[in-house]
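Working notes, beginning with the structure itself.
There are 2 protein chains.
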Amino acid sequence: MMPTSLFTQLQRSSECGARRGVLSTKHGMVQTPVFMPVGTQGTVKAVTVENLRELGAQIILGNTYHLFIRPGHEMIERFGGLHGFINWNRPILTDSGGFQIFSLKELASITEDGATFRSHLDGSKKFLSPEDAVAVQESLGSDIMMCLDTCIPYPADRNQTEEATALTGRWARRCRDAHRKKDQLLFGITQGGMFADLRRQSAETLIGIGFDGYAIGGLSVGESKSQMHDMTEATVAHLPDEQPVYLMGVGTPEDLVDGVWRGVDMFDCVLPTRNARNGMLFTSHGKVVIKNSRYRQDPAPIDERCQCYTCSNYSRAYLRHLFVSREILSYHLNTIHNLHFYVNLMQEIRDAIEKDCFASFRNDFYGRLEGE
Amino acid sequence: MMPTSLFTQLQRSSECGARRGVLSTKHGMVQTPVFMPVGTQGTVKAVTVENLRELGAQIILGNTYHLFIRPGHEMIERFGGLHGFINWNRPILTDSGGFQIFSLKELASITEDGATFRSHLDGSKKFLSPEDAVAVQESLGSDIMMCLDTCIPYPADRNQTEEATALTGRWARRCRDAHRKKDQLLFGITQGGMFADLRRQSAETLIGIGFDGYAIGGLSVGESKSQMHDMTEATVAHLPDEQPVYLMGVGTPEDLVDGVWRGVDMFDCVLPTRNARNGMLFTSHGKVVIKNSRYRQDPAPIDERCQCYTCSNYSRAYLRHLFVSREILSYHLNTIHNLHFYVNLMQEIRDAIEKDCFASFRNDFYGRLEGE
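Listed in order, the protein sequences are those of chains E and C.
Take the position in the first sequence, starting the count at 1, then add 8; the result is the number in our numbering.
Take the position in the second sequence, starting the count at 1, then add 8; the result is the number in our numbering.
In structure tokens form, the structure reads like this:
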């Protein structure tokens, strides 16, 4: 049974664009603002679904492109969709593959009909139309699906940006028209590159079609932070309050705080998980690069403020030893910590908005980082 | 407080050499027969100490050579020994480094005084005497320490074997003389190659010195199974009932059953953990090579009889997907399963000996394997 309102705005900050919300999905509610760990190939790298539950992850992201290539969406559908296949019974958002296809560069070509590309695994030729992208995601059974979009490289001239943004709009309409399974939500992705007016146009186009949520695509592609902030603001200004705003592929802890400040409700990024495997750990006082010799005999946990399994059980010295020894346990423990850090940060952000003291929270957050 | 008897024989099989026992150590009791997961570099690869507890591991093994090289025993001592450093509060057995040094081949040379070798990490020159091996293990604080021994290659002629066996005996005496910390047990390692009479001599030499346990070294080095069984029997025949018998570096599930049959109480082997990372999983019906295409859409768990976290939560199809995708989660989940299989096998072995039906257990065990 679907509730009357898919997204409920619980509270707005009196100080900025931040807001508390709750998004209803088939597999449960998601309290926003929220960070979604990325589970590209049907696993959030190096951790189990039990670890994810324990550290408080509410929703994870799966990559349609990768799962389409391997093991294939039809097989996954027979296993009860992605939820059944990977044994995660909380919400899942799937992206459409647009960004991955774009990342294939010379191996991909975009036409009005869709995207033709060669599999990164075996070079075989594939085609994905907007309708296909929806069909694949319906097979995967994700709670939130994304429209197939065309990504705009950075930098890109106005002409290139206009064309890609307009095509994204036409593809979005085709995705909406192809959408059958109404217990799965569908979000549109705004583009517009680094042009505020094109960002507005893109938003208005998508609102005209009508989606369950609106994402901001094509950021964190090499632009400056101030460009990213400007384009976020330029887009959010034209998005309706009644749907969640999702800033795709973002970001660092500071980006999360700054995005929430500007009205963003949802984020995803490989940063915490990828950095974990590279020995780069987030703490309230800044980064800990665990292989650094200064940690060789450090008995402290990664972060004194952190309650994760890793910080509750292991010293920096041991974690450094594991990392320089290239032990698999290093990646597992580091990932648990980084994800817990991100998920906990979002919890603190939600608490601060609820108490309408997000400005003060943001000051303290930056103060702790700079204090180091 | 140390109990009157370090090793208590609880029950003997009326059908074979198998026996139930309990070994008392500083960090707790170990029910035997027992299998010890190998934690070479201060971690049993790909799993946490919590995973180890949950799957029922009673005791793990640490490699002195590796820990001596990195991060160093003096540092580990400052962290409360290996137990404190890795956060494992159950028993730990450390080997002496003899086998690892032997495995360095041209990088190592053995003299009466000890072993000179070059670190596999940075090529720096190191020396380890029998006294050093004990000192390092005393710093590590393991519950059970092993004498420094000289390993005999396979094949080896009688002369070579006699000399190495005699040297092992002289080093064992020096280890015993150097042993200070009496809350840490010290086991001797019998050698003798493939010569039954040298095996007997080696056993008698070590008994004459007096140890808390006796290991059978230099097996599983390329000899046939029947040679391994013969040499096991040839050694056990001359070992006292009052101390546990430890068959080092063994083995497959069949080797464990066959070793227990012949009176072995303790085993260690990298096989379950290494095979896990290579996608080779043990089941009651034989091996499952998970990458095989026959598992591509198989919804069954690895082993229907298994109660481990992996078998309780994930299908063969998903595990195959993870393995072919080279996901870290694959190694973690496979290792949990294989270790649980081994630990559970030992539990079943202990139960069968207690009920004095080990012969029947062994028949059923082989019947299930051959039935596939």
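From the three backbone atoms N, C-alpha and C, an ideal C-beta is built for every residue, glycine too.
Notebook entry, point to check: In terms of alpha-carbon separation, which member of C:P99, C:F135, C:H128 lies closest to S150 of chain C?
Noted result: C:P99
Margin query: Looking at chain E, is there any beta carbon in it that lies within less than 8 Å of the beta carbon of A308 of chain C?
Written below: no
Margin query: Can you check which of these residues, E:Q49, E:L129, E:Y317, is closest to L90 of chain E by C-alpha distance?
Written below: E:Q49
Notebook entry, point to check: Any Cβ of chain E within less than 8 Å of the Cβ of Y339 of chain C?
Noted result: yes
Notebook entry, point to check: What are the boundary residues of the beta strand (DSSP E) that includes M44 of chain C?
Noted result: In this chain, the beta strand (DSSP E) harbouring M44 of chain C covers 42 to 44.
Note to self: Can you list, in chain order, the residues of its chain with a C-beta nearer than 8 Å to that of Y303 of chain C? Leave out the 5 residues immediately preceding and following it.
What the structure shows: V296, R324, A325, L327, R328
Checklist line | Residues bridged to M288 of chain C [DSSP beta-bridge criterion] | finding: For M288 of chain C, which the question treats as bridged, DSSP gives the partners C:V297.
Notebook entry, point to check: How close, in whole Å, do the beta carbons of G25 of chain C and G230 of chain C come, if the pair is a contact with beta carbons under 8 Å?
Noted result: Actually they do not touch by this definition, with Cβ atoms about 25 Å apart.
Next item on the list: Look up M274 of chain E in the DSSP assignment and say whether it is helix, strand or coil.
Entry: strand
Check: Would you call the CB atoms of M154 of chain E and Q192 of chain E closer than 8 Å?
Finding: no
Checklist line | For F366 of chain C and A284 of chain E, the rounded distance between their alpha carbons | finding: 48 Å
Checklist line | R207 of chain C to T176 of chain C span [Cα, whole Å] | finding: 12 Å
Next item on the list: Look at the alpha carbon of R334 of chain E and the alpha carbon of I94 of chain C, and state the distance between them as a whole number of angstroms.
Entry: 16 Å
Margin query: Give me the residue from C:M202, C:N71, C:S22, C:T33 with the minimum Cα distance to V278 of chain C.
Written below: C:N71
Notebook entry, point to check: Which residues in the same chain as S368 of chain C place their Cβ atom closer than 7 Å to its Cβ, once the five residues preceding and following it in sequence are excluded?
Noted result: none
Next item on the list: Scan the region 67 to 89 of chain E for residues whose Cβ lies nearer than 8 Å to a Cβ of chain C and list them as they occur along the chain.
Entry: R78, P79, M83, R86, F87
Item checked: Residue range of the unbroken alpha helix (DSSP H) whose run includes L327 of chain C -> 324 to 332
Item checked: Bounding residues of the alpha helix (DSSP H) (the contiguous stretch that carries S147 of chain C) -> DSSP places S147 of chain C in the uninterrupted alpha helix (DSSP H) bounded by 138 to 148.
Check: Any contact of the region 161 to 180 of chain E with the region 238 to 247 of chain E, i.e. 3+ C-beta pairs under 8 Å?
Finding: The answer is no - the region 238 to 247 of chain E does not touch the region 161 to 180 of chain E, with fewer than three Cβ pairs under 8 Å.
Next item on the list: Check whether the Cβ of S333 of chain E sits closer than 7 Å to any heavy atom of the ligand NAP, and report yes or no.
Entry: Absence of the ligand NAP is noted for the structure shown, with no ligands found whatsoever.
Next item on the list: Classify L129 of chain E as helix, strand or coil using the three-state DSSP reduction.
Entry: Of the three classes helix, strand and coil, the one that applies to L129 of chain E here is coil, per DSSP.
Next item on the list: May I have the straight-line CA-CA distance separating H386 of chain E from L337 of chain C, to the nearest angstrom?
Entry: Past the edges of chain E, shown from 9 to 380, lies residue 386 of chain E, and the structure says nothing about it.
Next item on the list: Give every residue of the same chain whose Cβ lies closer than 8 Å to the Cβ of Y350 of chain C, excluding the five residues on either side of it in the sequence, and list them in chain order.
Entry: F43, P45, P261, L264, P280, F290
Check: In its own chain, which residues sit with a C-beta less than 8 Å from the C-beta of L341 of chain E, not counting the 5 before and 5 after it?
Finding: Y317, T318, Y322, L327, L330
Note to self: If we require 3 or more residues per run, which beta strand (DSSP E) segments fall completely within the region 309 to 376 of chain C?
What the structure shows: none
Checklist line | With 16 other Cβ atoms within 10 Å as the buried cut-off, status of K53 of chain C | finding: A residue is called buried when at least 16 other Cβ atoms come within 10 angstroms of its Cβ; K53 of chain C meets this threshold and is buried.
Next item on the list: Output the residue ranges of the alpha helix (DSSP H) runs that lie fully inside the region 248 to 274 of chain C and measure 4 residues or longer, sorted by chain position.
Entry: DSSP runs (the alpha helix (DSSP H)) wholly in the region 248 to 274 of chain C: 261 to 269.
Check: So the beta strand (DSSP E) Y73 of chain C belongs to, where does it begin and stop?
Finding: Where Y73 of chain C is concerned, there is no enclosing beta strand (DSSP E), although the alpha helix (DSSP H) it sits in stretches over 72 to 77.
Checklist line | Cβ neighbours of W269 of chain E in the same chain (closer than 8 Å, five flanking residues each side left out) | finding: These residues qualify, in order along the chain: C24, G25, A26, F366, R370.
Item checked: Contact the region 247 to 256 of chain E vs the region 217 to 224 of chain E: 3+ CB pairs below 8 Å -> yes
Notebook entry, point to check: How many Å lie between T213 of chain C and R178 of chain C at the Cα?
Noted result: Whole-angstrom Cα-Cα distance: 9 Å.
Notebook entry, point to check: Taking just the CA atoms, how far does Q66 of chain C sit from L148 of chain E?
Noted result: 42 Å
Note to self: Extract the residue ranges of the alpha helix (DSSP H) inside the region 75 to 102 of chain E, only unbroken runs of 4 or more that lie entirely within it.
What the structure shows: 81 to 86, 89 to 94
Notebook entry, point to check: Anyone know if the C-beta pair for T124 of chain E and K113 of chain E falls short of 8 Å?
Noted result: no
Check: Do you know how far the Cα of R184 of chain C is from the Cα of D273 of chain C?
Finding: 22 Å
Next item on the list: Express the C-alpha separation of F87 of chain E and V30 of chain E in angstroms, rounding to a whole number.
Entry: Those two C-alpha atoms are separated by around 29 Å.
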